[in-house]
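These notes are about the structure you will find just below.
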Amino acid sequence: MAEHQVRRWQAWHHHMALVMIATTFLAKERMAHRETAELLSCRDLVDIMRHRLPTKIVTDHDLAESIIDRHRRRRQAMESAYRKQTAMLAASDRVTI
14 MAEHQVRRWQ AWHHHMALVM IATTFLAKER MAHRETAELL SCRDLVDIMR HRLPTKIVTD
74 HDLAESIIDR HRRRRQAMES AYRKQTAMLA ASDRVTI
């Protein structure tokens with residue numbers, strides 16, 4: 014679980030389900046286009062989707078704001094996890110005393 018940066022099994026299961034769905038999609042697309050694009054790779058499909066799908070990031074400022082927001086949310090998640098760990102340790106100390 015440490016390699017996937019999740020804190021609970023439920024998050025790991027959600028991540029694995031999304032990975033399987035994405036892999037299935039990529040495999041189906043490669044099979045659907047194997048006659049017209051014989052060398053089509055999963056990387057090619059990812060590049061196509063990045064090009065075709067809409068994005069909120071248009072300018073450098075948008076990119077910076079996106080990264081700052083992601084870091085803020087990551088920091089909040091870490092702090093929340095630390096608070097929960099501290100509360101659990103405090104509770105276990107009270108039980109053993």
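For the sequence shown, the tail end lands on 110 under our numbering, and the numbers increase by one without skipping.
Cβ atoms here follow ideal geometry from the backbone N, Cα and C, with glycine treated the same way.
It should be emphasised that the depicted structure is a prediction, and the values quoted were computed from it without experimental measurement.
**Reduced DSSP secondary structure (H/G/I, E/B, other) of R83** = Here residue 83 refers to the residue found at position 70 when the sequence shown is read from its first residue. Correct three-state label for R83: helix.
**Message:** For a test of the three-state rule: what should DSSP assign to H27, helix, strand or coil?
**Reply:** Position 14 of the sequence shown, counting from 1, holds the residue named residue 27. Three-state result, H27: helix.
**Request:** Would you mind stating whether L52 and H46 have Cβ atoms separated by less than 8 angstroms?
**Result:** Here residue 52 corresponds to residue number 39 of the sequence shown, with the count starting at 1. Here residue 46 corresponds to residue number 33 of the sequence shown, with the count starting at 1. No, Cβ-Cβ distance for L52 and H46 is not below 8 angstroms.
**Item:** Start and end residues, alpha helix (DSSP H) containing L58
**Value:** Counted from its first residue, the sequence shown places residue 58 at position 45. From DSSP, the alpha helix (DSSP H) with L58 extends over C55 to R65.
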